[in-house]
Amino acid sequence: VFNKLDDLSDKELELLADYKDTYDRIGYRTIITSAVQGIGVGEVKELLKDRTTLLAGHSGVGKSTLVNAIDPTLDLHTAEVSRATSKGQHTTTYAEMFPLREGGFVIDTPGVKGFGLVDLEAADIVDQFPELFALKGECRFQNCLHKQEPGCAVRRAVEEDRIPATRYASYLEMLADLDEESPYRVG
Numbered sequence: 383v384f385n386k387l388d389d390l391s392d393k394e395l396e397l398l399a400d401y402k403d404t405y406d407r408i409g410y411r412t413i414i415t416s417a418v419q420g421i422g423v424g425e426v427k428e429l430l431k432d433r434t435t436l437l438a439g440h441s442g443v444g445k446s447t448l449v450n451a452i453d454p455t456l457d458l459h460t461a462e463v464s465r466a467t468s469k470g471q472h473t474t475t476y477a478e479m480f481p482l483r484e485g486g487f488v489i490d491t492p493g494v495k496g497f498g499l500v501d502l503e504a505a506d507i508v509d510q511f512p513e514l515f516a517l518k519g520e521c522r523f524q525n526c527l528h529k530q531e532p533g534c535a536v537r538r539a540v541e542e543d544r545i546p547a548t549r550y551a552s553y554l555e556m557l558a559d560l561d562e563e564s565p566y567r568v569g
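Pasting the structure below:
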């Protein structure tokens, strides 16, 4: 879910269109919303119905505001993003599960400040990218990490624009995060 459509500049709207296209291309369902204006809220509400869903994202992206738009009876506490820091104000301080009036549950979480990899080997990171995972069996070498190895189907797909370069860059960044110095390194 891409929220806060109402807060975006023209340049940010172009970037949003690129992100949406990237994730749509690789098979994710994406929804653009403005919880404040009600745009896309019905689509999210239908998606959450009769399911248990956890909302995660940076502080200030409108998770609680979106929950309130989906079910106004919950009346979760929200606040404006700080004008001084342009960051969210951490109105949600712990994860809490709420029943939705039309069925299902939603877990509202505090803003995420960072992301780390725990208990993953470098060879397993590709499995977290469905579009890369689908090609790993086509690589010349079974233990290909999709960096510099000859006959790499993933790199070829990036070069041919069948896989977005931004997704491949994210994969490489995650690999770099698992260097020998990382406290999260396994084995």
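Residue numbering for the sequence shown follows the numbering used here, starting at 383 and increasing by one per position. A virtual CB, placed ideally from N, CA and C, is assigned to each residue, including glycine. Nothing here was measured: the structure is a model prediction, and the numbers come from that model.
Check, Outcome
"Ser-416 - DSSP class collapsed to helix/strand/coil", "strand"
"Contacting residues, own chain, Cβ-Cβ under 7 Å from Asp-509 (five flanking each side not counted)", "Phe-515"
"Collapsed DSSP secondary structure at Asp-506 in the structure displayed", "helix"
"Beta-carbon spacing of Gly-519, Asp-432 below 7 Å", "no"
"Unbroken alpha helix (DSSP H) run spanning Asp-559, endpoints", "547 to 559"
"Under the three-state DSSP convention, the category Glu-478 falls into", "strand"
"DSSP state of Thr-447 mapped onto helix, strand, coil", "helix"
"Option in Cys-534, Asn-525, Val-383, Tyr-550 with minimal Cα separation from Val-449", "Val-383"
"Beta-carbon spacing of Asn-385, Thr-415 below 7 Å", "yes"
"Closest Cα partner of Leu-517 within the set Tyr-550, Glu-503, Val-494, Gly-498", "Tyr-550"
"Rounded straight-line distance, which links the Cα of Thr-455 to that of Phe-480", "11 Å"
"Pair within 7 Å by beta-carbon distance, Lys-445 and Leu-437", "yes"
"Alpha-carbon to alpha-carbon, Thr-475 and Glu-541", "43 Å"
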